[in-house]
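Here the structure comes first, spelled out in structure tokens, and everything after it is commentary.
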Amino acid sequence: MNIRGYSGEFNSYIAKDFGKEYLVSRERHAEDTLIKVKNHVVGGNNFTIIAGPCSVENMEQINSLAIKVRNLGAHILRGGAYKPRTSPYDFQGLGRAGLEMIVDAGLKSDIPVVSEILDENDLSYFENVDVIQVGARNMQNFSLLKKLGRQEKPILLKRGQGCTIKEFLLSAEYILAEGNPNVILCERGIRSFEPYTRSTLDLSAIPIIRMITHLPIIVDPSHGTGRRELVEPMVLASVGAGAQGVMIEVHDNPARALCDGNQAQTPDEFEITTKKAMKLFETLHK
Ligand code: PEP
Ligand code: MN
């Protein structure tokens, strides 16, 4: 096990639920899984920065952000086209047109893209998307997970707001069990009684997940806190806890964002945060 600072005893009592009969288990596969996304490798001792708007709003917006986040060090561009909104009256995303816009922006700026799938019947529209995201609300949509397991694109699987680490890893197991080994896990906070943050970011999940599984684990401090000023401290804490990447929402004009403006960093803020994160990651892993 190449996780620093944890005793075998701690390892064995937490990992006992995931013996070698599980494909996600470290006992079965000791080495970190490495996932190729175009020219970038996610996992192992690589740090992955995913950035972009919550939602694709129009061509100009996604093109401009693609260039900016790529130039500031992002490896993957994010942007939702199918949005899982709590209220049916909120902006639902541009759908297929939005997906085409982010694919186009990624190709023009030479950066791979990730976007969320809500409905398994939409899978064919994701043909040119590099990584398919399964959001928190769909983490236990088992028929979607099985379908994504039967194709080859990497999956970014986010932890459900009300789900345990064990349930999270069992959802990943559904995808692996169908034949797709390329799953990137994403901690994005869980529902608690605390109202000052949108979710309670479960930082201890990171070293636990790194012990139990070989799959890469990244953190989304934007949805994890819901507040822009908390993104940077939680990025740095995530790196300290052993995260292999972060996903950060970035918008040119957060006040006018169609979705999640309160948690979006500006490109200037993103630049400062990612510089600190990269420096800390290098210090910890050199
Ligand atoms: C998102 O990343 O766009 C999103 C909706 O996040 P979550 O599923 O974690 O709420
Ligand atoms: Mn969002």
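Going by this note's numbering, the first residue of the sequence shown is number 8, and it counts up by one from there.
Virtual Cβ for every residue (Gly too), placed ideally from N, Cα, C.
Quantities reported herein were computed from a predicted structural model and do not represent experimental measurements.
Out of Pro261, Ser94, Arg77 and Lys165, which one is the CA nearest neighbour of Ser122? On the sequence shown, residue 122 is found 115 positions in, with the first residue counted as 1. The shortest C-alpha separation from Ser122 is found at Lys165.
Could you pull the DSSP bridge partners for His47 from this structure? Here the question's residue 47 lines up with position 40 in the sequence shown. In DSSP, His47 forms a bridge with Val44.
Check Thr220 in the structure and name its three-state DSSP category. Position 213 of the sequence shown, counted from the start, is the residue given in the question as residue 220. Three-state result, Thr220: strand.
In chain order, what are the residues with a CB under 5 Å from some non-hydrogen atom of the ligand PEP? Gly87, Gly142, Ala143, Lys165, Arg195 and His230
Note down, in chain order, each residue of its chain lying with its Cβ closer than 8 Å to the Cβ of Ala271, except the 5 sequence neighbours on either side. Numbered from 1 along the sequence shown, position 264 holds the residue referred to as residue 271. Excluding sequence neighbours, Ala271 sits near Pro60, Cys61, Ser229, Arg235, Glu256, Val257, His258, Pro261 and Ala264.
Would you decide whether Lys286 is buried or exposed? Buried here means 16 or more other CB atoms lie within 10 Å of its CB. Here residue 286 refers to the residue found at position 279 when the sequence shown is read from its first residue. Classification for Lys286: exposed.
Measure the CB-CB distance between Cys193 and Ile215 and report whether it falls below 9 Å. Sequence index remark: in the sequence shown, residue 193 carries index 186 (1-based). Sequence index remark: in the sequence shown, residue 215 carries index 208 (1-based). Against a cut-off of 9 Å, the Cβ pair of Ile215 and Cys193 comes out as no contact.
Any heavy atom of the ligand MN closer than 8 Å to the Cβ of Cys61? The residue given as residue 61 occupies position 54 in the sequence shown. Yes, the ligand MN has a heavy atom inside 8 Å of this Cβ.
Please classify Met146: does DSSP put it in a helix, a strand, or coil? Position 139 of the sequence shown holds residue 146. The answer is coil: DSSP assigns Met146 none of H, G, I, E or B.
By the 10 Å Cβ neighbour count, where 16 or more other Cβ atoms means buried, how is Pro240 classified, buried or exposed? As a position in the sequence shown, residue 240 is number 233, starting the count at 1. Pro240 should be labelled exposed.
Give a single yes or no on whether Cys170 has its beta carbon closer than 8 Å to a heavy atom of the ligand MN. As a first step, residue 170 must be located in the sequence shown, where it is residue number 163. No, the beta carbon of Cys170 sits no closer than 8 Å to any heavy atom of the ligand MN.
In terms of DSSP beta bridges, what is Gly87 paired with? The sequence position of residue 87 within the sequence shown is 80, counting from 1. Answer is Ser62, bridged to Gly87.
With a Cβ-Cβ cutoff of 9 Å, do Pro223 and Thr93 count as a contact? Stepping through the sequence shown from its first residue, residue 223 is reached at position 216. Stepping through the sequence shown from its first residue, residue 93 is reached at position 86. No. Outside cutoff.
Check this for me: beta carbons of Ile197 and Ser245, under 9 Å apart or not? Here residue 197 corresponds to residue number 190 of the sequence shown, with the count starting at 1. Here residue 245 corresponds to residue number 238 of the sequence shown, with the count starting at 1. The answer is no: Cβ separation not under 9 Å.
Hey, how far is the Cα of Leu163 from the Cα of Arg85? Counted from its first residue, the sequence shown places residue 163 at position 156. Counted from its first residue, the sequence shown places residue 85 at position 78. So the alpha carbons of these two residues sit roughly 11 Å apart.
Along the chain, where does the alpha helix (DSSP H) containing Gly26 start, and where does it finish? As a working mapping, residue 26 is identified with position 19 in the sequence shown. Looking at the DSSP string, Gly26 is not in any alpha helix (DSSP H), and its letter there is neither H nor E.
Rounded to the nearest angstrom, how far is the Cβ of Leu210 from that of Thr232, given a contact under 8 Å? Numbered from its first residue, the sequence shown carries residue 210 at position 203. Numbered from its first residue, the sequence shown carries residue 232 at position 225. Not a contact, Cβ separation roughly 11 Å.
For the candidate residues Thr273, Asn78 and Leu151, whose alpha-carbon lies nearest to that of Glu185? Within the sequence shown, numbered from 1, the residue matching residue 185 stands at position 178. When each option's Cα is compared against that of Glu185, the closest is Leu151.
Is Thr281 near Leu72, with beta carbons less than 9 Å apart? The count along the sequence shown starts at 1 and reaches residue 281 at position 274. The count along the sequence shown starts at 1 and reaches residue 72 at position 65. Not closer than 9 Å, so no.
Apart from the five residues just before and just after Gly105, which ones in its own chain have a Cβ nearer than 6 Å to its Cβ? As a working mapping, residue 105 is identified with position 98 in the sequence shown. Val63 and Ala88.
Span of the beta strand (DSSP E) holding Lys282? Here the question's residue 282 lines up with position 275 in the sequence shown. Here Lys282 belongs to no beta strand (DSSP E); instead the alpha helix (DSSP H) covers Pro274 to His292.
Relative to the C-alpha of Val48, which residue among Lys154, Thr204, Phe277 and Val190 is closest? For the purposes of this step, residue 48 is taken as residue 41 along the sequence shown, with counting starting at 1. Selected option, being the one with the closest Cα: Val190.
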